[in-house]
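J.: Residue numbers (the numbering used here): 1317 to 1619.
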Amino acid sequence: MNVSIVIPTYNRKSILKKCLIALEKQTLANIISNFEIVVVDDGSTDGTPSWIRKNSEILSHVVLYEQEHGGPALARNLGVMKSKYEIIIFIDSDLIVLEDFLLCHVNKLKTCWEMKNKKCFTYGSVINTSNFKNPENEIFKLTDVSFAYFATGNVAISRELLLNVGLFDTSFSLYGWEDLELGERLKKIGTKLVKCPEAVGFHWHPPFDCGQIESLISQEKERARMALVFYKKHSNLRVRFMIQLTPIHNLLWEIICLGGLISIKRLFPLLKFLVDSGKNRIALEIVRIPLNFIYVKELKRLT
């Protein structure tokens, strides 16, 4: 079996280096004949393409494509169209994997395919970490649990199935939902989710600091706009709950945030104290509460 790993990237050169070097160290055994790493640079300005070309000797499996900045949906579609193997694995450019990562995915898919069922995909584990030096030392936490049906941080799927279902919708040009929308189409045709927790990826992100707040607020507002694009395509109750477009969610977040009394502005001194004390992870979990309230309010405003 052969594998194409599709990775969209945008100004992530420092962590992308770790991502690609880890992928070059994969154990193939006798199950995987060959693999390629299809990197689609989405208009980076940090020198990502030139670094990849300059290091082609150590990145022997990497195939680079470039496009003007158009978002991850467009980049992943280009990656799939340019890929040449029967299995597509999607990961993000800030994910670092272990040496048996490909084998774990392929073994699970092979079992399903031998039962004459290619209408399936494997979903690996994603462990969030801010440890840049040794991300693989991070342990699995309760906050790493995901209930998503299909998310492109760590999945493997048949290339043929992807092409048949129609790839990613490029109208999702801002942050969020393009992978879950594709998942909705996969679910409608009866595609089976096969969990593959042994295929572990360590998702690196910089430690939270208060300087990120403005960009996080903008991200939540973009997420609200894209949520409505999602709902217009799939106007069902499941998607309504997924994007929190219900009176229940409005009431719930009004109660949780005491009608806006619990806000980022009021929490700022606490957040700064936690960050200054090295408790960045706790600060991030706290700030997510008013951030989601901002998202819900923006969603309501847009409707």
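C-beta: ideal position from N, C-alpha, C; glycine also.
All values derive from a computational prediction rather than experimental measurement.
Would DSSP call Lys1333 helix, strand or coil?
T.: Here residue 1333 is taken as the residue at index 17 of the sequence shown, counted from 1. If DSSP states are grouped into helix, strand and coil, Lys1333 belongs with the helices.
J.: What ranges does the alpha helix (DSSP H) occupy inside the stretch 1545-1589, keeping only unbroken runs of at least 4 residues that lie completely in it?
T.: 1553-1559 and 1563-1572
J.: Looking at the secondary structure, which residues open and close the beta strand (DSSP E) in which Thr1445 lies?
T.: Position 129 of the sequence shown, counted from the first residue, corresponds to residue 1445. Segment Cys1436 to Thr1445, the beta strand (DSSP E) holding Thr1445.
J.: In three-state terms, what does DSSP make of Val1422?
T.: Stepping through the sequence shown from its first residue, residue 1422 is reached at position 106. Three-state DSSP puts Val1422 in a helix.
J.: Three-state secondary structure (DSSP) at Asp1358?
T.: Counted from its first residue, the sequence shown places residue 1358 at position 42. If DSSP states are grouped into helix, strand and coil, Asp1358 belongs with the strands.
J.: Measure the Cβ-Cβ separation of Leu1411 and Cys1335 and say whether it is below 8 Å.
T.: By 1-based counting over the sequence shown, the position of residue 1411 is 95. By 1-based counting over the sequence shown, the position of residue 1335 is 19. Yes, Cβ-Cβ distance for Leu1411 and Cys1335 is below 8 Å.
J.: Taking the beta carbon of Leu1600 as the centre, do at least 16 other beta carbons fall within 10 Å, making it buried, or is it exposed?
T.: Locating residue 1600 in the sequence shown gives position 284, where the first residue counts as 1. Leu1600 comes out buried.
J.: Run through DSSP, which three-state label would Lys1511 get?
T.: Start at 1 with the first residue of the sequence shown, and residue 1511 comes out as number 195. DSSP places Lys1511 in strand when its eight states are reduced to three.
J.: Run through DSSP, which three-state label would Val1461 get?
T.: To locate residue 1461, count along the sequence shown from 1; it is residue 145. Coil at Val1461, not helix or strand.
J.: Are the CB atoms of Ser1441 and Val1510 within a distance shorter than 8 Å?
T.: On the sequence shown, position 194 is the one that residue 1510 refers to. On the sequence shown, position 125 is the one that residue 1441 refers to. Cβ atoms of Val1510 and Ser1441: not closer than 8 Å.
J.: What are the start and end residues of each continuous beta strand (DSSP E) run of 3 or more residues lying completely inside the stretch 1452-1508, in chain order?
T.: 1470-1474
J.: Taking 8 Å as the threshold (C-beta atoms), are Ile1605 and Cys1573 in contact?
T.: For the purposes of this step, residue 1573 is taken as the residue at position 257 of the sequence shown. For the purposes of this step, residue 1605 is taken as the residue at position 289 of the sequence shown. Yes, the Cβ-Cβ distance between Cys1573 and Ile1605 is below 8 Å.
J.: Which residue comes first and which comes last in the beta strand (DSSP E) that contains Ile1403?
T.: Counting from one through the sequence shown, the residue named residue 1403 turns up at place 87. Ile1403 to Ile1407 is the span of the beta strand (DSSP E), which, as asked, contains Ile1403.
J.: Tell me which residue opens and which closes the alpha helix (DSSP H) that Thr1364 is part of.
T.: Along the sequence shown, read from residue 1 onward, the residue named residue 1364 stands at position 48. Going by DSSP, Thr1364 is part of the alpha helix (DSSP H) stretching over Thr1364 to Lys1370.
J.: Using 8 Å for Cβ pairs, my map puts Gly1359 next to Tyr1326. What's the rounded Cβ distance?
T.: Sequence index remark: in the sequence shown, residue 1359 carries index 43 (1-based). Sequence index remark: in the sequence shown, residue 1326 carries index 10 (1-based). Sure, about 7 Å apart at Cβ, within 8 Å.
J.: Would you call Pro1388 buried or exposed, if buried means 16 or more other Cβ atoms sit within 10 Å of its Cβ?
T.: For the purposes of this step, residue 1388 is identified with residue 72 of the sequence shown, where counting begins at 1. Per the 10 Å Cβ criterion, buried.
J.: So, do the stretch 1475-1487 and the stretch 1397-1413 have three or more beta carbon pairs nearer to each other than 8 Å?
T.: yes
J.: Taking just the CA atoms, how far does Pro1522 sit from Ile1347?
T.: As a first step, residue 1347 is located in the sequence shown; it is residue number 31 there, counting from the start. As a first step, residue 1522 is located in the sequence shown; it is residue number 206 there, counting from the start. The alpha-carbon atoms of Ile1347 and Pro1522 are separated by roughly 36 Å.
J.: Out of Asn1423, Ile1455, Leu1479 and Ile1323, which has the shortest C-alpha to C-alpha gap to Cys1512?
T.: Reading the sequence shown from its first residue, position 196 is the one you call residue 1512. Closest option to Cys1512, Cα to Cα, is Asn1423.
J.: Thinking C-alpha only, which one of Val1461, Asn1318 and Ala1338 is nearest Asn1444?
T.: By 1-based counting over the sequence shown, the position of residue 1444 is 128. Considering only Val1461, Asn1318 and Ala1338, the residue with the shortest C-alpha distance to Asn1444 is Val1461.
J.: Determine the burial state of Ala1338: buried for a count of at least 16 other Cβ atoms within 10 Å of its Cβ, exposed for fewer.
T.: One-based indexing of the sequence shown puts residue 1338 at position 22. The residue in question, Ala1338, is buried, as its Cβ has 16 or more Cβ neighbours within 10 Å.
J.: Please report the straight-line C-alpha distance between Ile1580 and His1565, rounded to a whole angstrom.
T.: Mapped onto the sequence shown, residue 1580 falls at position 264. Mapped onto the sequence shown, residue 1565 falls at position 249. In a straight line, the C-alpha of Ile1580 is about 19 Å away from that of His1565.
J.: So, for Asn1596: in the same chain, excluding its five sequence neighbours on each side, which residues have a beta-carbon less than 8 Å away from its beta-carbon?
T.: Taking the sequence shown and counting its residues from 1, one reaches residue 1596 at position 280. Taken in chain order, the residues that qualify are Ser1446, Pro1523, Phe1524, Asp1525 and Leu1590.
J.: For Val1322 and Phe1466, what's the separation of their Cα atoms in angstroms?
T.: Your numbering for residue 1322 matches position 6 in the sequence shown. Your numbering for residue 1466 matches position 150 in the sequence shown. The alpha-carbon atoms of Val1322 and Phe1466 are separated by roughly 15 Å.
J.: Check for me: the alpha helix (DSSP H) holding Tyr1326 runs from which residue to which?
T.: In the sequence shown, residue 1326 corresponds to position 10, counting from 1. That residue, Tyr1326, is in no alpha helix (DSSP H); it is neither H nor E in DSSP.
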